[in-house]
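Residue numbers (this note's numbering), protein chains in the order written: chain R, 1 to 115; chain B, 116 to 228. Glycine included, every Cβ here is placed at the ideal spot set by N, Cα and C.
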């Protein structure tokens, strides 16, 4: 069965510092991978996605993620964090088989940003 | 750009009552998904519809049912509500293949008292 692990429940960084949020997935083949961001009480906004091709993908708000098949990882990075990046970040995996691609989410990582 | 619309945004019901949540997908999107997010939890997949037919089913209680209508909007019907049903309910939609990303609505916060 597919699963997603986000090892860090809570991360705190200083504004301007770099950020890396970890995500590991379990799936028999290459899955579709996503990162979403959720502000408190809000919906989920798609940051970026990986389906195939270039393993380094660029997203919105200056985020990028790198797919590493050998490590079953899809870590999210940002070179310089802004206070407005404080939110919860979810990694998700979708199955390319079975047609309709429900998403399996990780438990989320809550990001706090110190001024 | 148009987004997924959900109504109502907030709903308060008592135990054993019924609730109906509505979702209007992004125009020209053909698949709708429903997710449930409990407090401090990650979203859990409930059910999905492709071209008005149920396409996949997750951990949806038998007390819940859903359908997608001819205009592609979807409704989630929840009966015999329990305290544990209190959660954020998200609807998401995705465009026709070969794209697979899902775009989420703002959610409906259901509180059962």
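Mind pulling the beta strand (DSSP E) runs of 3 or more residues that sit fully within the segment 164-210 of chain B?
The segment 164-210 of chain B contains these whole beta strand (DSSP E) runs: 168-172, 179-183, 189-193 and 202-209.
Skipping 5 residues on each side, what residues in its chain have a beta carbon closer than 8 Å to that of residue 101(R)?
Result list for residue 101(R): 32, 94 and 95, in chain order.
Quick one: which chain R residues come within Cβ less than 7 Å of residue 183(B)?
Within 7 Å Cβ-Cβ: nothing; residue 183(B) doesn't reach chain R, min ~12 Å.
Distance between residue 162(B) and residue 147(B) (C-alpha atoms, nearest Å)
Computed Cα separation, rounded: 8 Å.
Can you tell me whether DSSP reads residue 102(R) as helix, strand or coil?
Three-state DSSP puts residue 102(R) in coil, outside helix and strand.
In chain R, which residues lie with their C-beta within 7 Å of the C-beta of residue 217(B)?
For residue 217(B), the residues of chain R that pass the 7 Å Cβ criterion are 103, in the order they occur in the chain.
Taking the alpha carbon of residue 110(R) as the reference point, which residue from 91(R), 103(R), 87(R) and 92(R) has its own alpha carbon closest?
Nearest C-alpha to residue 110(R) among 91(R), 103(R), 87(R) and 92(R): 87(R).
Looking at the C-beta of residue 65(R), does it have a partner C-beta in chain B at a distance below 8 Å?
It does not; no Cβ of chain B falls within 8 Å.
When Cβ atoms are compared, which residues of the segment 146-177 of chain B fall closer than 7 Å to chain R?
So the list reads 146, 148, 157, 158, 160, 163, 165, 170, 171 and 173, given in the order they occur along the chain.
Environment of residue 149(B) [buried if 16+ CB atoms lie within 10 Å]
Around the CB of residue 149(B), 16 or more other CB atoms lie within 10 Å, so the residue is classed as buried.
Residue 200(B): which of 209(B), 181(B), 216(B) and 175(B) sits nearest, CA to CA?
If you compare the alpha carbons of 209(B), 181(B), 216(B) and 175(B) with that of residue 200(B), the shortest gap goes to 175(B).
So, with DSSP's three-state summary, where would you put residue 71(R)?
Residue 71(R) falls in the helix class under three-state DSSP.
Suppose contacts are defined by Cβ-Cβ distances below 8 Å. Is residue 135(B) in contact with residue 197(B) by that definition?
Taking 8 Å as the Cβ cut-off, residue 135(B) and residue 197(B) do not qualify as a contacting pair.
Where residue 106(R) meets chain B, residues with beta-carbon distance less than 7 Å
157, listed in chain order.
Tell me the DSSP secondary structure of residue 130(B) in three-state form.
Residue state, collapsed to three classes: coil.
Quick check on the DSSP output: the beta strand (DSSP E) that includes residue 6(R) runs from which residue to which?
From DSSP, residue 6(R) is part of no beta strand (DSSP E); its letter is neither H nor E.
Beta-carbon of residue 74(R) versus every beta-carbon of chain B: anything under 8 Å?
Judged by the 8 Å Cβ criterion, residue 74(R) is not in contact with chain B.
Are residue 221(B) and residue 144(B) touching if we call contact CB-CB under 8 Å?
Going by C-beta atoms, residue 221(B) is not nearer than 8 Å to residue 144(B).
For residue 218(B), which option in 138(B), 184(B) and 194(B) has the closest C-alpha, if you only look at C-alpha atoms?
Of the residues 138(B), 184(B) and 194(B), the one whose Cα lies closest to the Cα of residue 218(B) is 138(B).
May I ask which residues mark the beginning and end of the beta strand (DSSP E) holding residue 217(B)?
Where residue 217(B) is concerned, there is no enclosing beta strand (DSSP E), given that its DSSP letter is neither H nor E.
So which of 24(R), 16(R), 79(R) and 103(R) has the shortest CA-CA distance to residue 8(R)?
Taking only the C-alpha atoms, the option nearest residue 8(R) is 24(R).
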